[in-house]
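Colleague:
Protein chains: 2
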Amino acid sequence: MDANEFRANGQAVIELIAQYLETIEQRPVTADVRPGDIRSLLPEHPPTSPESFDDVLSDVNDIVLPGLTHWQHPNFYAFFPGNSSYPSILADLLTAGLGVQGMSWLSSPACTEVETLMLDWMQELLGLPEKYRSTTATGGGVIQGSASEATLSSILAARWRITQGQVNHDGDTSKLIAYCSSQSHSSIEKGLRIAGIGTQNIRVIEHDESFAMNADALETQIIADKNAGLIPFWICSTHGTTSSGAFDPTPAIGLIAQRHQLWLHVDAAMHGIAALAPEFRWVNDGLELADSYCTNPHKWMGVNFDCDLFWTSDRASLLGALSILPEYLRSAAAESGAAIDYRDWQIPLGRRFRSLKLWFAIRTDGTAVFQELIRRHVAITQDLATLVASDPRFDIVAPHTLNLLCLRIKGSSPEEGDQLTDQLIEAANATRDVFFTRTVLNHRSVLRFSIGGRTTEHRHVLSAWGMLQKLA
Amino acid sequence: MDANEFRANGQAVIELIAQYLETIEQRPVTADVRPGDIRSLLPEHPPTSPESFDDVLSDVNDIVLPGLTHWQHPNFYAFFPGNSSYPSILADLLTAGLGVQGMSWLSSPACTEVETLMLDWMQELLGLPEKYRSTTATGGGVIQGSASEATLSSILAARWRITQGQVNHDGDTSKLIAYCSSQSHSSIEKGLRIAGIGTQNIRVIEHDESFAMNADALETQIIADKNAGLIPFWICSTHGTTSSGAFDPTPAIGLIAQRHQLWLHVDAAMHGIAALAPEFRWVNDGLELADSYCTNPHKWMGVNFDCDLFWTSDRASLLGALSILPEYLRSAAAESGAAIDYRDWQIPLGRRFRSLKLWFAIRTDGTAVFQELIRRHVAITQDLATLVASDPRFDIVAPHTLNLLCLRIKGSSPEEGDQLTDQLIEAANATRDVFFTRTVLNHRSVLRFSIGGRTTEHRHVLSAWGMLQKLA
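Right, here's the structure in full:
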């Protein structure tokens, strides 16, 4: 493909995307396929001569699109939203087109500097504590691919700090104890496991009736561990849990972390971004007591995946954990301390120019667009809650302060309620008109109604609720 | 931005990229900036109202482009190449436009199935052992973001296997010993460090005169460690080291790994892809003895970053190390064993539809285009070597079987040679007409002449060599 073919084919892809997103509501949300179906439609072996781009796009239309779960569909209520937006799609295109590496300042200065500025812009827009700004002596932020990687990075920084760097030499994590709640995301256990903190050294703290971590139980456990000669080193406090959207009490947890000198990481992957609307700034309460924080514009803000923002107020520990400087990566700029080399702020070495999508979205859509989205979804969720509460067959089983409603069918017994709820989810998903995911809260089946799609409006949710009532 | 604005703006971005790549040779390779220069040209605070897309593109043209190191420039000889190509740029656009998640089969079936097929296609195109195909009982492959992540994944799989899964519970890595050479990439030490294998437990095996690992020294060290009650568990063999492009002797190392039951990972990030041309299939010699392997289409093959291919013949160990299954991620498809959930094959949870760029590139450019690129660069490098060898002021300091030439100025003493070589690199880079990086081999300064740009032709290299001669 040469430059002129790229121009023509590029227009075709732009048009395909525009049509796909404009007409997405006419598609089922999910695919009518079983494992292996899509592969069976494609050649088992690579082509031996080049094919036309038109043929490729035909296969996209005929085979790929019908085989997708449509995350941009207004009736996608599963998992958490993974929104994109037009400006950020174009930014990702530009990222691919420029094809530069941002592993170090020297490897593409603008890639590093725009990213640093975007993290500082977002610190302002979210109203985060000043200590996270890159212009401070000890803080700063970086774009990571996902909250999983941000969590792992924070664990590694904490591990380095508590051992005063010794872990880099002896790898000894045997006495290090980490704390989370039963509602923490699976990436917490995964990150700890990767870092050599096995399940024996992870304390799963009980939650209260709102599914938030019990701070008293946390401190009791920390003291017990210290008394047993162990070394408590890291706490994860979640702002918006995956199962129910619960908020751990970071103001209280933060004081405990400080009292016992643990690293406090706040995982606000889903809900931290709500702070773009000033009336929801409470989602980040307590953050001045944390050592690190992450939230995902690729969820509610509509900046394409992958875009996780990770800040720390202790960059020295992060760099201590993740810096390695071979001869072939040295540069005068970095050694002077004047430049940031983001490879030392993350797990991988290479990195794309991801800040372009934040820059494009903030400048062309603007904060008001993000605020409208957040406010709309919260309002829809609260209205839905009123409707659900008025149907005696259903229970709302968790607080629903923002955009996630957890509900189940009561049934004549808890067991029957489980069965009916599971059947309801299956029946609803089988229509392919909606897509819900299931979770378990207090050992009971729950339907998660997650309302966060960029195109999801009142009418979609009303119609989905009508379907659930009919099926119940 | 609405769909129609997206159409118009999309065309503008396509045009910007086409012009950028068509005229890239007219730009200096590197930016004339100091740390902070680019940020100082941008507003310190986010805009309070939306701006036009045209204004954003003006800033891209006026501020961002002049602030880049141009990785797609024909005179980029630094690091390793990071090529993009037109089809893969359009695939990345489509990836962004569809905005789906590939964390599990259920979360977008086509995303998983196209990826699995692409790994199998690449197994064929590279002539890799059958045992890595997804259609076998124990093997399979996945796209990772970078070789760093692939390396870390292989370490975690090896750690799991040697401890029979116990490491997930106790995190005990205290006796585990890993092996690499002084020429292994920095991501090896970084990955080991992350996994709780400190420098005390990393054995850096000596290299021979060709900078390849000394296999006898490796086995001697493994035996000594076993005799000391330690547990050797992982070896990294590099096919194409970063400093000099050296190849560790995997056929010999593999036998040692089997004899002592270590996991053998082959890091062929840069040079494994050369096997696309049948006469270079030797780059993967010994792979039938390895447990895992990675190579990067985003380097020499011209499939945009991020696209690292990671295969293992022991997927059970990889899944043992990385699987976690909370309620909200369960699916019947995965539990039946019929579907792959790639989240369990990698560090993060979320993942983009990255296989589209392999699919687009293989189908529209085709293998012949990749082969031509590889053959051209190897031929240019060998011709350059002849020229350098005929200039008595220079030494070629390492074998140069493929596309990396390591040279230095002799000087009247090794110290003077170092000084003159460092000055030469600085003077050449100061012209901004070329970009080289420096390394150190046997404690001496070396200029790496890495020839791998998609647009790099004979004339560029001849001209760059002429410049080096003049400056010398």
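Quick mapping for you: the protein sequence lines, in order, are chains A and B. The opening residue of the first sequence carries number 1 in my numbering; numbering runs sequentially from there. The opening residue of the second sequence carries number 1001 in my numbering; numbering runs sequentially from there. All residues carry an ideal CB built from backbone N, CA and C; glycine is no exception.
(1) Measure the beta-carbon distance from G1240/B to H1271/B and round it to whole angstroms, keeping in mind my assumption that it falls under 8 Å.
(2) Roughly how many angstroms separate the alpha carbons of C307/A and A147/A, rounded to a whole number?
(3) CB-CB under 7 Å to R393/A, same chain, minus the five flanking residues each way: which ones, in chain order?
(4) Compare the C-alpha of W345/A against each of L356/A, L318/A, A368/A and Y132/A and name the closest.
(5) Please state whether DSSP places A1178/B in a helix, a strand or coil.
(6) Within a Cβ cutoff of 6 Å, which residues of the same chain sit near H377/A, ignoring the five residues on either side of it in sequence?
(7) Can you pull the chain B residues whose beta carbon is under 8 Å from the beta carbon of W121/A, in chain order?
(8) Hey, out of P1046/B, V1060/B, S1390/B and L1262/B, whose CA is closest to A1178/B's CA?
(9) Taking the runs of the beta strand (DSSP E) that are 3 residues or longer, which of them lie wholly in the segment 1138-1173 of chain B?
(10) List the residues of chain B whose Cβ lies closer than 8 Å to the Cβ of Y20/A, in chain order.
(11) Using a C-beta to C-beta distance shorter than 7 Å, which residues of chain B count as neighbours of P326/A?
(12) How long is the line joining the alpha carbons of H1169/B and T295/A, rounded to whole angstroms?
(13) What in chain B is Cβ-close to E457/A, meaning under 7 Å?
(14) Quick check on S131/A: buried or exposed, where buried means 16 or more other Cβ atoms within 10 Å of its Cβ?
(15) Quick check on this structure: which residue in R1352/B, R1354/B and R1315/B has the alpha carbon closest to the alpha carbon of I1340/B?
(16) Quick check on the DSSP output: the beta strand (DSSP E) that includes W311/A runs from which residue to which?
(17) To the nearest angstrom, how far is it from the Cα of P1482/B to the Cα of L387/A?
(18) On the premise that A1398/B lies in contact with L1441/B, defined as a C-beta separation below 8 Å, what is that separation, rounded to the nearest angstrom?
(19) Apart from the five residues on each side of it in sequence, which residues of its chain come closer than 7 Å, Cβ to Cβ, to L521/A?
(20) Kindly give me the distance between the Cβ atoms of G1102/B and F1353/B, rounded to whole angstroms, as I take these residues to be in contact under 8 Å.
(21) Say whether chain A places a C-beta atom closer than 8 Å to the C-beta of V1204/B.
(22) Output yes or no for whether 8 Å exceeds the beta carbon distance between T69/A and F435/A.
(23) Check whether the segment 253-268 of chain A touches the segment 149-167 of chain A, counting contact only when three or more Cβ pairs, one atom from each stretch, lie closer than 8 Å.
(24) Are the segment 1044-1063 of chain B and the segment 54-63 of chain A in contact at 8 Å, needing three or more beta carbon pairs?
(25) List the endpoints of the continuous beta strand (DSSP E) containing R34/A.
(26) What are the partner residues of T386/A, as DSSP defines its beta bridges?
(27) For a cutoff of 8 Å on Cβ pairs, would you count D365/A as touching chain B?
(28) Let's test the definition: count the other Cβ atoms within 10 Å of the Cβ of T312/A and tell me whether it reaches 16, buried, or not, exposed.
(29) For D1267/B, does the count of other Cβ atoms within 10 angstroms reach 16, so buried, or fall short, so exposed?
(30) Smallest Cα separation from W234/A: which of K175/A, S243/A and N4/A?
(31) Within 8 Å, do at least three Cβ pairs link the segment 1186-1200 of chain B to the segment 184-192 of chain A?
(32) Indicate whether at least one CB of chain A lies closer than 8 Å to the CB of T1220/B.
(33) Classify H377/A as helix, strand or coil using the three-state DSSP reduction.
(34) Tell me whether Y86/A sits in a helix, a strand or coil according to DSSP, three-state version.
(35) Determine, using beta carbons only, whether L1447/B and L1424/B come nearer to each other than 8 Å.
(36) In or out: F136/A buried (at least 16 other Cβ within 10 Å) or exposed?
Modeller: Taking the coordinates as given:
(1) With a Cβ gap of about 3 Å, G1240/B and H1271/B count as contacting.
(2) If you take the alpha carbons of C307/A and A147/A, they lie about 9 Å apart.
(3) The residues are I409, K410 and A472.
(4) Of L356/A, L318/A, A368/A and Y132/A, the residue nearest in Cα terms is L318/A.
(5) In the three-state reduction of the DSSP assignment, A1178/B falls in the strand class, which pools E and B.
(6) Correct list, in chain order: N403, I451 and G452.
(7) Under the 8 Å cutoff, chain B gives H1045 and P1046.
(8) L1262/B is the residue among P1046/B, V1060/B, S1390/B and L1262/B whose C-alpha sits nearest the C-alpha of A1178/B.
(9) Taken in chain order, the unbroken stretches of beta strand (DSSP E) that lie wholly in the segment 1138-1173 of chain B and span 3 residues or more are 1140-1144.
(10) The answer, in chain order, is G1097 and L1098.
(11) Simply S1186.
(12) Spanning the two alpha carbons is a distance of roughly 29 Å.
(13) What E457/A touches in chain B: nothing, since even the nearest Cβ is about 15 Å away.
(14) Inspection of the sequence shows that residue 131/A is occupied by Lys rather than by Ser. Here K131/A is buried, its C-beta having at least 16 other C-beta atoms within 10 Å.
(15) The option with the nearest alpha carbon to I1340/B is R1315/B.
(16) Unbroken beta strand (DSSP E) run through W311/A: D308 to T312.
(17) What the structure shows of chain B is the stretch from 1001 to 1472, and residue 1482/B is not part of that stretch, so it cannot be assessed.
(18) With a beta-carbon spacing of about 6 Å, L1441/B and A1398/B fall inside the 8 Å limit used to define contacts.
(19) The first residue shown for chain A is 1 and the last is 472, placing residue 521/A beyond what the model contains.
(20) Taking C-beta atoms under 8 Å as the contact rule, G1102/B and F1353/B qualify, at a distance of about 6 Å.
(21) Taking CB atoms only, V1204/B has no neighbour in chain A less than 8 Å away.
(22) In contact: T69/A and F435/A (Cβ atoms closer than 8 Å).
(23) Because the criterion of three Cβ pairs below 8 Å is met, the segment 253-268 of chain A and the segment 149-167 of chain A touch.
(24) No, the segment 1044-1063 of chain B does not touch the segment 54-63 of chain A.
(25) Neither: R34/A is in no beta strand (DSSP E) and is coded neither H nor E.
(26) Paired residues: none, contrary to the question.
(27) Yes, D365/A lies at the interface with chain B (some Cβ there is under 8 Å from its Cβ).
(28) Around the beta carbon of T312/A, 16 or more other beta carbons lie within 10 angstroms, which makes this residue buried.
(29) Buried, because 16 or more other Cβ atoms sit within 10 Å of the Cβ of D1267/B.
(30) Minimum Cα distance to W234/A is reached at K175/A.
(31) No, they do not touch.
(32) Taking a beta-carbon distance threshold of 8 Å, T1220/B does not count as an interface residue toward chain A.
(33) In the displayed model, H377/A falls within a helix according to three-state DSSP.
(34) Secondary structure at Y86/A: helix, using DSSP grouped into helix, strand and coil.
(35) Contact: yes.
(36) Note on identity: in this sequence residue 136/A is Thr, with Phe being the wrong assignment. T136/A should be labelled exposed.
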